[in-house]
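2 protein chains.
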Amino acid sequence: MDSTGGTADRILAATQTLLRRQGYAATGLQQIATDSRSRVGSIYHFFAGKEGLADAALRSSGAAYGAYVMGLLGAAEDPIASLGGAFDRAAADLVATDYADACPVATVALEVASTNETLRQATSDVFTDWIEGLSTWCRAIVSDPEAARDLATAILAALEGAFILSRTRRDPEPLLAAGRSMTRLATAMRSTATGPLRPYSEASDPA
Amino acid sequence: MDSTGGTADRILAATQTLLRRQGYAATGLQQIATDSRSRVGSIYHFFAGKEGLADAALRSSGAAYGAYVMGLLGAAEDPIASLGGAFDRAAADLVATDYADACPVATVALEVASTNETLRQATSDVFTDWIEGLSTWCRAIVSDPEAARDLATAILAALEGAFILSRTRRDPEPLLAAGRSMTRLATAMRSTATGPLRPYSEASDPA
DNA sequence: GTCTATAATTTGATAGAC
DNA sequence: GTCTATCAAATTATAGAC
Chain A
5 MDSTGGTADR ILAATQTLLR RQGYAATGLQ QIATDSRSRV GSIYHFFAGK EGLADAALRS
65 SGAAYGAYVM GLLGAAEDPI ASLGGAFDRA AADLVATDYA DACPVATVAL EVASTNETLR
125 QATSDVFTDW IEGLSTWCRA IVSDPEAARD LATAILAALE GAFILSRTRR DPEPLLAAGR
185 SMTRLATAMR STATGPLRPY SEASDPA
Chain B
5 MDSTGGTADR ILAATQTLLR RQGYAATGLQ QIATDSRSRV GSIYHFFAGK EGLADAALRS
65 SGAAYGAYVM GLLGAAEDPI ASLGGAFDRA AADLVATDYA DACPVATVAL EVASTNETLR
125 QATSDVFTDW IEGLSTWCRA IVSDPEAARD LATAILAALE GAFILSRTRR DPEPLLAAGR
185 SMTRLATAMR STATGPLRPY SEASDPA
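This is how it looks when you write it as structure tokens:
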């Protein structure tokens, strides 16, 4: 009972929300202080400046969101049904927050990829962990490790890209369409040989 | 011969590069003036402030990038081969620019989706045009219009998401893996009935 | 640990000379 | 059309009283 409600926790939570919705450069320490009912001086008391605060916020929200998504993927018995449900849930979450809360790290990731090595590394670590977890999960659909990693990468990329389209157009359709397409892809990969790229019409069944 | 080399054109080009690489909030008018060998006063002479300049820059680079991608998709006779080639080319372009130049509107799109209605509308218009063009192109693979739109949305989402992953991790692999997956998906959708989502094992051939 | 005050810099934006 | 000067506000960051 020590990690809830404290000033540092409120600062971290407010930072996560602002970074998710408007990015790093557009978020000022004054806004973080106001939203967290604290002071700029308190931010410097608890964190190593704006960059250190953002680093901690990204890693923390990245871990939490990864756990949330992996939980959705284990919801149903059939993994492909869970996959479709996860995209549907992401669409519902987005609409429920008026298209504000999608991926907690993507906005900052694009902003800092070419300009801030510390934060680029933080977002990179988050994505690496997610792909790792997703790849393992995908092995329930395709046994080949390389094919599972390809599928995991495609699922994460489709989710992130659909978040961009749905937030920008204020329309859940891109997320729903991406979910349908990933379900189709997973189904096709499960029912066929899964080695390196090969036309399915020529695929031979190894079983 | 009137749209090249002028001060307004240099300002627009510099803005497009900076918005693509670091986003809207992180890009200052002073930096734009320096990079375009002009002055802040000149920016206000030619454009309607920072927002008006960004609006023009996004719409212009959006149209140019859309034309570039559609050109890649028409490169080979087989549309699916062209599709794979487009992702490969995107990966090569990204590496050649040291992971700086990916989608010219995505970074700003995520930044402004919840905070700037003018620029949200600009990025939304760009994405809408792209999906429109892609959907038409996808009808060469799947005849059903709704299925073609689903495929187009998935391709664009996978490209945008893979751009995030590749830029952040400084690794072309996510783009290449997304390309392989989209090729697989397109192949699966071409060789089968293309109505609303239905397991392929149960699909009946309408021809 | 909290809060105020402030330093040093940068931002978007404007006015006016040339 | 170009360029200089400048304004008001906001930025990150720090020092020090309480």
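Residue numbers (the numbering used here), protein chains in the order written: chain A, 5 to 211; chain B, 5 to 211.
Don't be surprised by glycine CBs; every beta carbon is placed ideally from N, CA and C.
- DSSP places F131(B) inside the alpha helix (DSSP H), whose first and last residues are E121 to C142.
- Assigned with DSSP and collapsed to three states, A190(B) falls in helix.
- For D39(A), the uninterrupted alpha helix (DSSP H) run begins and ends at L33 to D39, by DSSP.
- Around the Cβ of T122(A), a 10 Å sphere holds fewer than 16 other Cβ atoms; the residue is exposed.
- In the pairwise beta carbon analysis, the stretch 53-70 of chain A is classified as touching the stretch 100-118 of chain A: at least three pairs are separated by under 8 angstroms.
- Shown here for E55(B): same chain residues with a beta carbon closer than 8 angstroms to its own, the five before and five after excluded, namely N120, T122 and L123 in chain order.
- For S65(B), the uninterrupted alpha helix (DSSP H) run begins and ends at G53 to L77, by DSSP.
- Of all residues in the stretch 55-68 of chain B, none is placed with a Cβ closer than 8 angstroms to any Cβ belonging to chain A.
- With contacts defined as CB atoms closer than 7 angstroms, A182(B) and A161(A) qualify as a contacting pair.
- For I168(B), the chain A residues whose C-beta falls within less than 7 angstroms of its own C-beta are A110, A113, L114 and E164, listed in chain order.
- Against chain A, the CB of F50(B) has no partner CB under 7 angstroms away; the residue lies outside that interface.
- Only those residues of the stretch 133-165 of chain B whose C-beta falls short of 9 angstroms from the nearest C-beta of chain A are listed: I135, R153, D154, L155, A156, T157, A158, I159, L160, A161, A162, L163, E164 and G165.
- Judged by DSSP in its simplified three-state form, I145(B) adopts coil rather than helix or strand.
- P178(A) belongs to the set of residues whose beta carbon lies under 7 angstroms from a beta carbon in chain B.
- Contact between V146(B) and M193(B) holds, since their C-beta atoms are separated by about 5 angstroms, short of 8 angstroms.
- Each of T101(A), T187(A) and E164(A) was checked against the Cα of C142(A), and the nearest Cα belongs to T187(A).
- DSSP places V116(B) inside the alpha helix (DSSP H), whose first and last residues are A110 to V116.
- Close to R171(B), with beta-carbon spacing below 9 angstroms, are these residues of chain A in chain order: A113, L114, A117, S118 and R124.
- Setting aside the 5 residues that flank it on each side, D133(A) is surrounded in the same chain by G66, A67 and G70, each with a C-beta closer than 8 angstroms to its C-beta; the list follows chain order.
- For P83(B), the uninterrupted alpha helix (DSSP H) run begins and ends at P83 to A100, by DSSP.
- Closer than 7 angstroms to the CB of T127(A) there is at least one CB belonging to chain B.
- If you ignore the 5 residues before and after E177(B), its C-beta comes within less than 8 angstroms of the C-beta of S170, all in its own chain and listed in chain order.
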